[in-house]
Every structure is written in C-alpha cells, then in structure tokens.
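Presented below is the structure to which this report refers.
Numbering (our numbering), first residue to last: 146 to 232.
Here it is, written out as structure tokens:
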C-alpha cells in the first residue's frame, strides 16, 4: 500500500513509500528506480524533500523520522524522540 509520494523541487525525482517500509527513489526522466532506502521498522506514512533536492525526510509508524541523502543513499540522521507513530 502506497502512503506517500513526493516530487523533488528540481523535478528530477519521485520518492514513494508505504506499508512495506521501503522508500524508493525514482528518476523521473528514465522512470527507473535508482535507490531504495531501508531502515524503518514500521510503515512509512509521509515523505518530504528539502528545497535543494538533496535530502529526503521520512516519517514512520516506528516512532522515528529519518533523513536520507538522495545522492549517496545513506541515512544521515534518525530523530527518535517521538512517543507514537509519526506523520
């Protein structure tokens, strides 16, 4: 089940996420998945991309918000102070 989809401000990327906990980064020109971000332990409910189109934020049922580098695919930070599901 898809819960969130967002297009980057520079219109290069589509990022999707949902019940399966996987975040997919798709190149809009080629329509190919170029990266998959994994690390949440619950459904991913919401996504956002910063204005520079460099960082994706993901909010999850695992009570965390994670920040991901679009370029490298690495997790930059985990904000885990939430006390319930994050939207």
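A virtual CB, placed ideally from N, CA and C, is assigned to each residue, including glycine.
Could you tell me the distance, in whole angstroms, from the CA atom of residue i to the CA atom of residue j?
{"i": "residue 200", "j": "residue 213", "result": "5 Å"}
{"i": "residue 155", "j": "residue 223", "result": "25 Å"}
{"i": "residue 192", "j": "residue 180", "result": "15 Å"}
{"i": "residue 160", "j": "residue 226", "result": "24 Å"}
{"i": "residue 176", "j": "residue 183", "result": "20 Å"}
Are the CB atoms of residue i and residue j nearer to each other than 8 Å?
{"i": "residue 220", "j": "residue 211", "result": "yes"}
{"i": "residue 231", "j": "residue 205", "result": "yes"}
{"i": "residue 198", "j": "residue 178", "result": "no"}
{"i": "residue 166", "j": "residue 158", "result": "no"}
{"i": "residue 194", "j": "residue 149", "result": "no"}
Assuming the contact rule is C-beta atoms closer than 8 Å, residue i and residue j should be a hit. Round their C-beta distance to whole Å, please.
{"i": "residue 163", "j": "residue 147", "result": "4 Å"}
Give the secondary structure of residue i by DSSP, where H, G and I count as helix, E and B as strand, and everything else as coil.
{"i": "residue 157", "result": "coil"}
{"i": "residue 229", "result": "coil"}
{"i": "residue 218", "result": "coil"}
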